[in-house]
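Residue numbers (the working numbering), protein chains in the order written: chain A, 1 to 111; chain B, 1 to 111.
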């Protein structure tokens, strides 16, 4: 069966510090991978998605970037965090543009 | 641009009452999916509807896809406290490998 991992589960970072969130998928190959951000009590904002190694589509211009160095690894990064980057970051995978399976998420607080 | 709206945004019900959330897309969808996010958790895929006018049931949950494939509904009969959470609908974004999530309906069940 397929499993998706995200870490860390929670993170508190000062403004201006760098960020690296990692997501890995097990049990499938060549998945579509997604990064979402969810503000408290709000909906899901798609940040990036990838259909293959090195292929990244950005949905929202901002100070975040994503990379896919391996087939089942998706990384979300920032060089300098802003207060507005606080939120719940969710990674998801799918085999097609159909049902998506989400990881447990990372709660990021920028102070 | 493509939009997926859900109403209501919030719903409080007494345990045992019924609940319905409605999803409306600005464009025709090839399929509609529903997800549930428990408080503090991540979205979990519930079901996918593909055919015009399709109705599917999962125990006390009934899902419908409109004849024009632009709207959908989720109805819960006799709500229980385990039904608490936010329900999202989602449809494939036109010409892309990702989903367009609705704004969500947050359900609170009062014991």
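The C-beta atom is built at its ideal place from N, Cα and C for all residues, glycine as well.
I want to see whether chain A comes within less than 9 angstroms of residue i, judged by CB atoms only; does it?
| i | result |
| --- | --- |
| residue 103 of chain B | yes |
| residue 84 of chain B | no |
| residue 109 of chain B | no |
| residue 106 of chain B | yes |
| residue 31 of chain B | yes |
Could you tell me the distance, in whole angstroms, from the CA atom of residue i to the CA atom of residue j?
| i | j | result |
| --- | --- | --- |
| residue 21 of chain A | residue 75 of chain A | 6 angstroms |
| residue 9 of chain A | residue 31 of chain A | 22 angstroms |
| residue 9 of chain B | residue 1 of chain B | 21 angstroms |
| residue 96 of chain B | residue 58 of chain A | 12 angstroms |
| residue 6 of chain A | residue 104 of chain A | 6 angstroms |
| residue 22 of chain B | residue 95 of chain A | 27 angstroms |
| residue 48 of chain A | residue 16 of chain A | 22 angstroms |
| residue 98 of chain B | residue 3 of chain A | 20 angstroms |
| residue 64 of chain A | residue 61 of chain B | 38 angstroms |
Cutting at 8 angstroms between CB atoms, please list the residues of its own chain near residue i, excluding the five before and the five after it.
| i | result |
| --- | --- |
| residue 18 of chain A | 77, 78, 79, 80, 81 |
So, for residue i: in the same chain, excluding its five sequence neighbours on each side, which residues have a beta-carbon less than 6 angstroms away from its beta-carbon?
| i | result |
| --- | --- |
| residue 101 of chain B | 88, 90 |
Quick check on residue i - is its C-beta less than 9 angstroms from some C-beta in chain B?
| i | result |
| --- | --- |
| residue 100 of chain A | yes |
What residues in its chain sit with their C-beta under 7 angstroms from that of residue i, if we drop five residues either side in the sequence?
| i | result |
| --- | --- |
| residue 76 of chain B | 18, 19, 60, 61, 83 |
| residue 67 of chain B | 52, 53 |
Mapping the DSSP letters down to three states, classify residue i as helix, strand or coil.
| i | result |
| --- | --- |
| residue 81 of chain A | coil |
| residue 82 of chain B | helix |
| residue 69 of chain A | strand |
Hey, does residue i have any beta-carbon neighbour from chain C nearer than 9 angstroms?
| i | result |
| --- | --- |
| residue 90 of chain B | Of the protein chains in this structure, namely A and B, none is chain C. |
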